[in-house]
Amino acid sequence: MKKMYSFAYLVMLLLLPAIIQAQNELSGIIKDAKSGMALPGVFIYIPDLETGAVSDVKGSYAIKNIPSGFFLIETSIIGYARQIDNISIKGKTQKNYSLTISQAELQEIILTGVSSATEWRKNPVPSTILTQKNLLQNVSGNIIDALQTAPGVSQITEGPAISKPVIRGLGYNRVVVVNDGVRQEGQQWGDEFGIEIDEYTVNRVEILKGPSSLSYGSDAMAGVINFLAPAPLPEGKIKGSILANYQTNNGLYAGSFNLAGNQNGFIWDFRYTKKQAHDYANKYDGYVWNSGYGENDFKAIIGLNKKWGYSHLRLSVFDLKLGIIEGARDSATGSFTKHFLDANDADSLGIAPVGDYTKYNNYPIIHQHVRHYKAVLDNNFILGEGRLTVKLGLQQNYRQEANDITRGDIYNNYFFLRTINYDAQYIMREKNKLSWSFGVNGMGQSSEDRGIVFLVPEYNLFDIGVFSIAKKTMGRLTISGGLRFDSRNLQTKDLYIDSNAVRLNSPNAKSINRFTAHQSNFSGVSGSLGATYDVTENVYGKLNFSRGFRAPTIAESGSDGIHDGTPFYEIGDPNLKAESSFQVDASIGINTEDFSAELNTFVNKINNYIFPVKLASVFGGDSLRQDFASGLPAGSTFKYVSGDAVISGGELTCNIHPQVVTWLSFENSFSLIHAILQNQGDSTKYLPYTPPQKLLSTLRFSCKKINGVFQNAFFRIGMENYFKQDKIYYKFGNETVTPGYTLINAGIGTDIYSNNKAICSIYISGNNLADVAYQSNMSRVKYGDTNNVTGRMGVYSMGRNFSIKLIIPFNIKN
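All letters in the sequence shown, in the order written, are residues -22 to -1, 1 to 792 by mature numbering (1 follows the signal peptide of the UniProt record, and there is no 0).
Now the structure itself:
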């Protein structure tokens, strides 16, 4: 890690200069296009500068102390169509707006996941945007669960607290998660390892599909999910909010307190969140033993917004303690069983007491404790004819898992991962509708295994990439593309144990070499070239070609042990080659005041696709191996191999929002994924755990104002239909056909005002109103023990669940 620290120090030197710019200001008046009345409360935002303003009661706004340049400006308020403009700012610049009423998002949305802010319609990369409104109006237990309605996005789950994102059938390390401007790194290779982000800190989610996001490094073969925090408050404001959420199924209660401000360019934003939930329930299983969890999170942002740019320090703590759903059952009654010590202090199983299911803070020995600490220094300097952005991040991830009651509260698995992220980019000022950026970024990692059960070796990793991205607009045609080169060095360490599987500090004559040190070097080129074309004012087309690159994970290259999340014995291969992919995306869309639709199609060819296969015994049947230190029985043996795969499909969205009845909208989306391994027989033809076809429909009724008390009110009712998934990896019997199912959801909400002042917002939602008993093919608890009484295998997902959210805003200085 010394090289990494030295590199970080050199990058820090870039933070010293503050380039002084001339005084500039953007101001104007915002009105309702139909009535001509002034519009207060409109947010005017410059994403590339992370600064903005809110219009006052006269509709006036002013953004001061900003640099000169050509910037994308976003204007938004609930109930009106979002407006995007490219504005040249020099000196005192005036821009007035006339906004039209619209309850529908017309997709005029900025994507900050690219090198600089870009109009959605001008970006050829397929993408989906979720706003804070989308997140608040739905029921979720974690931030990934909140994304389940996005087209082409699904989740791998292991109970309500653990969700991993999947984009177009690819997950784990093939999805890069970005938070606070840097890659989130927390042992993504594990089934039971979720994403360590407080959902209430997220203001906006941008999902970029495919390997086209060159500014985030290798691995993003599936795409990037960028979680964005709220923008800093306008100058002179101090405000906060209190959020409370209760959910009926698992008794989840959550509270979140926020305080933010901006005084003379000094900005701050603090948030504390606490969650607690007992076991969840469904129609077939009743309460599911050991599915409760508790979460404590804290986040702080402090920084400066000045005419030379901005510098923000972001600090966060994520602390999650959760039970592990084993799904073990009593053979006679079918009831869930729990571990306890018998008279001889041996591990025994007994029926879980009924009263324990609804207890909070009830974490038996079988549990996980996850902590994630992160510090990010995010800088944006106006420098010469452009902007220099410099980001430095430090992350520390602790994952502890206890699964042996005879050892007490001792963690069998204890992974510690330290990551340093670095990123420096220079974005040239747009000239003649040509924008260009180049940069370097990567990470250094050091992983330690502090447990007593060993699955992967300790390792050091260093990753560096250089890239360049350009965009040119010529009338109706916009062409964008770029290239990236990545190099990664992975060095694993020796591990010696004695005959009792106890770690040794140094080898001796009787020691066993549990892991043998090895070094791997990977390098590859990624690229993207795409175009968007406005056929008419309302019709557009997009075409994009991209190439991706991903080095094997530590699990794929170095595993040698029982993976308790499966539980199988896994063997990695240090000789695996890096994956590479070539993807083609084609889209066509229409966007009018009354109707919008888009069809996205894609084909993704992956070379050296890495996946596990079960090994056969020379005596017939499965090859079984046991790791005695784990305390687990022998498991089937899987080894990571590679082959070629082709994934194809697409998403269709269709939204009806007639302007003659602005209170009505009908939103629909359909997702299809077809994933195969090439040159395989029928039983091994399909990639395992591929998401099924998904059809979502929501009918929404909205009202901007009712008697001046209820504003931005809505009622929605929707359907989630998941089709039967029989295109599975049949050979080893580890994946089974999953029947289709339909879930009915509904919600109602409003902002409550008094004397033209927002008092609170309330959202009441219901998921799975018909209380359907279902299992997702992406759920790992589907493959638990069979209930001998009912004959049903595994554990079912959450049943009917009602949620009520109350948000109370307050202003200290307005």
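C-beta: ideal position from N, C-alpha, C; glycine also.
In the structure shown, the three-state DSSP call for residue 267 is coil. When DSSP states are grouped into helix, strand and coil, residue 481 belongs to the strand group. For the pair residue 289 and residue 281, the CB atoms are nearer than the 9 angstroms cut-off.
In this structure, the straight-line span from the alpha carbon of residue 44 to that of residue 14 is close to 29 angstroms. By alpha-carbon distance to residue 177, the top candidate from 358, 625, 670, 253 is 253.
By the Cβ neighbour-count rule, residue 328 is exposed, with fewer than 16 other Cβ atoms within 10 Å of its own. For residue 80, no alpha helix (DSSP H) run applies, since DSSP gives it neither H nor E.
Only exposed fits residue 12, as fewer than 16 other CB atoms lie within 10 angstroms of its CB. Inter-segment contact for the stretch 209 to 227 and the stretch 770 to 790 is present: three or more beta-carbon pairs are separated by less than 8 angstroms. Excluding five sequence positions before and after residue 89, the CB atoms of its chain that fall closer than 7 angstroms to its own CB belong to 96, 98, 101, 105, 184, given in chain order. Restricting attention to 592, 698, 297, 36, the CA atom closest to the CA of residue 677 is found in 698. One thing to note: residue 294 has its Cβ no nearer than 9 angstroms to the Cβ of residue 323. Within the DSSP secondary-structure output, residue 574 pairs in a beta bridge with 569, 633. The criterion of a C-beta distance shorter than 9 angstroms is satisfied by residue 776 and residue 259.
For residue 114, the enclosing alpha helix (DSSP H) starts and ends at 110 to 114. Between residue 22 and residue 49, the C-beta gap is not smaller than 9 angstroms, which leaves the two residues out of contact. For the pair residue 34 and residue 76, the CB atoms are not nearer than the 9 angstroms cut-off.
Taken in chain order, the complete beta strand (DSSP E) segments of 3 residues or longer contained in the stretch 146 to 180 are 153 to 157. Contact annotation: residue 531 and residue 150 have beta-carbon atoms nearer than 9 angstroms. Residue 214 counts as exposed, since fewer than 16 other beta carbons sit within 10 angstroms of its beta carbon.
Take residue 771, set aside five residues on each side of it, and the residues of its chain with a beta-carbon closer than 8 angstroms to its own are 714, 760, 761, 762, 763, 764, 765, in chain order. In this structure, the alpha-carbon of residue 63 lies about 5 angstroms from that of residue 51. Within the stretch 233 to 278, the beta strand (DSSP E) runs of at least 3 residues that lie entirely inside it are, in chain order, 244 to 255. The beta carbons of residue 784 and residue 752 sit no closer together than 9 angstroms.
When C-alpha distances from residue 462 are compared across 750, 735, 743, 197, the shortest belongs to 197.
Non-local C-beta neighbours of residue 546 in its own chain, meaning closer than 6 angstroms and more than five positions away in sequence, comprise 613, 614, 616, ordered along the chain. Only residues of its own chain outside the window of five on either side were considered, and among them 634, 677 have a CB closer than 6 angstroms to the CB of residue 644, listed in chain order. Under the three-state reduction of DSSP, residue 531 is assigned to coil, being neither helix nor strand. Residue burial is scored here from C-beta neighbours: residue 454 has fewer than 16 other C-beta atoms within 10 angstroms and is therefore classed as exposed. About 17 angstroms separates the CB atoms of residue 113 and residue 156; that is not less than 8 angstroms, and the two are not in contact.
A contact between stretches requires three or more CB pairs, one per stretch, nearer than 8 angstroms, and the stretch 349 to 363 fails this requirement with the stretch 131 to 150.
Inclusion of residue 299 and residue 265 in the CB contact set at 9 angstroms is not warranted, their separation being larger than that value.
Of 203, 498, 457, 29, the smallest CA-CA separation from residue 465 is found for 498.
The DSSP-derived three-state label of residue 494 is coil. In the three-state reduction of the DSSP assignment, residue 476 falls in the coil class, being assigned neither a helical nor a strand state. Residue 284 and residue 240 have their C-alpha atoms roughly 11 angstroms apart.
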